[in-house]
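Chains A and B, in that order, give the protein sequences.
Residue numbering for the first sequence follows my numbering, starting at 1 and increasing by one per position.
Residue numbering for the second sequence follows my numbering, starting at 210 and increasing by one per position.
Beta carbons are placed, not taken as given, at the ideal position from N, Cα and C, and that holds for glycine.
Protein chains: 2
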Amino acid sequence: MTPPTTDAAPDLRTESPGRARILEIAAGLFLDHGYEAASVRRIADAVGIQAASLYHHFDAKEDLLTAILRQGMAVMDAAFDEAHEAASGHDARTRLALHVRAHLAALYENGPFTAVHVTTFRTAPEEVRAAIVPVRDAYEARWTDLLRSLVDAGHLAADTAVGPARLLLLGGMNATVGWFDPSVGSLDDLAETATRQFWSGLGRDPEGT
Amino acid sequence: MTPPTTDAAPDLRTESPGRARILEIAAGLFLDHGYEAASVRRIADAVGIQAASLYHHFDAKEDLLTAILRQGMAVMDAAFDEAHEAASGHDARTRLALHVRAHLAALYENGPFTAVHVTTFRTAPEEVRAAIVPVRDAYEARWTDLLRSLVDAGHLAADTAVGPARLLLLGGMNATVGWFDPSVGSLDDLAETATRQFWSGLGRDPEGT
DNA sequence: GTCTATACCACGATAGAC
DNA sequence: GTCTATCGTGGTATAGAC
């Protein structure tokens, strides 16, 4: 857990390169096996040190997960910022497409930090969840605001239920973590597919409707 | 679970009422805390018996999870069957809507068995995953077939990538497990929202595109 | 910052009485 | 079918030397 200030005060222990390395490896193991199944000994083993040495960098296993989830959310936030900037001046569909692509890219291009958030948040220990919930909520609120603004400007159906729409969209994107492999498929294609499905839908019923 | 026939010789121990009760309670704990974190002692406690007594009903903790996942898939399959029957004679969009609603209903109306599949399959022990993978693949293939037949009949865009489309749709629906509460929201509304989003999309861009 | 050694506990699972 | 008692293992975490 982290102490004082307001937000994400990134630990006063200096950001040693060792710490970053441990986080990355631990995140990969949490992603593959889940939080409980990835033991401290196994993590230390993968890092190449003894389990006891990990405790020089972290006070407890839970802190490891908290740091990873926090970092994952920071990546997502940065991706959203970037997309927001890049979007200015484009038409509505393109603006949304840029955000979709940014979310997916964050899921795959910044190590396991974001993906592990998707897969382990639900069953994370109480304390960890409590620490992350506000950050997560803030990110989701940004999406809600984005969709709401599109509705208000007439770019999305006026009767859109923004909440469910956002959850289905993000849920669908996050679920890709289970099957999409960026070394096989194209991230751009995936982003375009997701955008199209959300924006235009796939129905082309010749009978009408 | 249903009995003998072809597949998974489902234990010759008769289907005692006790067994069903244990499965339901264990599924709920797996859903809330994950497989590893839900210890057999905790499960036994929730059932109201001693840990050792569980082993009269199951040989190992893994068998518990396997049985739960299998039962979950059986529920999903039954839901698909039912939707398929109900769909005959309706237009394409309605046929899809019935399947969407059936999938969501199966997720929420049959205890935790289906939902736990969504949340724990990824990190389940190797042996469990291996046992369930074929069943899961078969279910997903039914959806692929459904979508493909809609494309072939001209009801879905001809250039639809059926695989990704199915995964985004199912992913979005499955992700609802994290937030949708059927005692608060309406399942019918959720199903209609998901269907609409997939079929028509939400974009109404006045600028064109 | 990493090591060896170890404390202590909860884990899954078994034995055998009732 | 459930109990009490217990086994062996591997879990997180600490102490203290280097």
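Query	Result
Could you check whether the Cβ of P321/B sits closer than 8 Å to any Cβ belonging to chain A?	no
In whole angstroms, give me the CA-to-CA distance for S297/B and L356/B.	15 Å
Counting only beta-carbon separations shorter than 8 Å, does T418/B have a partner in chain A?	Reliability fails at T418/B, whose pLDDT of 48 lies under 50, so the model's placement of it is uncertain and the value that follows must be treated cautiously. It does: the Cβ of T418/B has a partner Cβ on chain A nearer than 8 Å.
Can you list, in chain order, the residues of its chain whose CB lies under 7 Å from that of T114/A, leaving out five sequence neighbours each side?	G72, V75, M76, A106, L107
Using 8 Å as the limit for Cβ to Cβ distance, is P4/A near chain B?	Note that P4/A scores a pLDDT of 44, beneath 50, so its modelled location is shaky and nothing firm can be said.
Count the other CB atoms, across all protein chains shown, that sit within 10 Å of the CB of Q406/B; report buried if there are 16 or more and exposed otherwise.	buried
Could you tell me the alpha carbon to alpha carbon distance between H364/B and F289/B, rounded to whole angstroms?	20 Å
Does the pairing of the segment 123–139 of chain A with the segment 347–355 of chain B give three or more beta-carbon distances under 8 Å?	no
When you compare each of L378/B, L278/B, V327/B, D414/B to E401/B by their alpha carbons, which one comes out closest?	L378/B
Let me see if you follow: with CB-CB separation under 8 Å, is T66/A close to chain B or not?	no
Beta-carbon of Q406/B versus every beta-carbon of chain A: anything under 8 Å?	yes
Relative to the alpha-carbon of A403/B, which residue among N174/A, A161/A, D188/A has its alpha-carbon at the smallest distance?	A161/A
Among the candidates L240/B, N383/B, Y264/B, whose CA atom is the shortest distance from the CA of R250/B?	Y264/B
Take A46/A as the anchor and find which of S149/A, A26/A, G185/A has the nearest alpha-carbon.	A26/A
Please identify, using Cβ separations under 7 Å, the residues of the segment 236–256 of chain B that lie next to chain A, in order along the chain.	H242, G243, E245, A246
Quick check: the Cα distance between G380/B and D59/A, rounded to an integer number of angstroms?	36 Å
R95/A CB to nearest chain B CB: under 8 Å?	no
Taking the Cβ atom as the reference point for each residue, do A165/A and L305/B lie within a distance shorter than 8 Å?	no
Mind checking whether E245/B and E36/A have CB atoms under 8 Å apart?	yes
Is the Cβ-Cβ distance between A333/B and N174/A less than 8 Å?	no
According to a CB-to-CB cut-off of less than 7 Å, which residues of the segment 388–414 of chain B neighbour chain A?	W388, L399, T402, A403, Q406, F407, W408, S409, G410, L411, G412, R413, D414
For T206/A, which of P391/B, D361/B, G394/B has the nearest alpha-carbon?	Note that residue 206/A corresponds to Pro in the displayed sequence, not to Thr. Nearest C-alpha to P206/A: D361/B.
My parser needs the alpha helix (DSSP H) runs of 4 or more residues fully inside the segment 142–204 of chain A; what are they?	162–175, 187–199
What is the DSSP secondary structure of P211/A, counted as helix, strand or coil?	Only positions 1 to 209 of chain A appear in the structure, and residue 211/A is not among them; the question remains open.
Measuring only the C-alpha atoms, how far is A92/A from A247/B?	46 Å
Taking a contact to mean a Cβ-Cβ separation below 8 Å, would you say T119/A touches V177/A in this structure?	yes
Leaving out the 5 sequence neighbours to the left and right, which residues in its chain are closer than 6 Å to A83/A when beta-carbon positions are compared?	L98, H99, A102
When the distance is taken between beta carbons, is G34/A closer than 8 Å to P112/A?	no
Chain A partners of A260/B, CB-CB under 9 Å?	Those do not exist, as A260/B stays about 18 Å from chain A at its closest Cβ, beyond 9 Å.
Have a look at R21/A and D32/A and give me their C-alpha separation to the nearest angstrom.	17 Å
Determine the chain B residues that contact G18/A at a beta-carbon separation under 9 Å, and present them in chain order.	The contacting residues do not exist; G18/A stays about 27 Å from chain B at best.
Which class does P321/B belong to by DSSP, given the choice of helix, strand or coil?	strand
In terms of residues, what are the limits of the alpha helix (DSSP H) holding I68/A?	61–87
Compare the C-beta of A314/B against all C-beta atoms of chain A and say whether one is closer than 8 Å.	no
With a cut-off of 8 Å, does the C-beta of A350/B fall near any C-beta of chain A?	no
Please report whether the beta-carbon of G381/B lies at a distance below 8 Å from any beta-carbon of chain A.	yes
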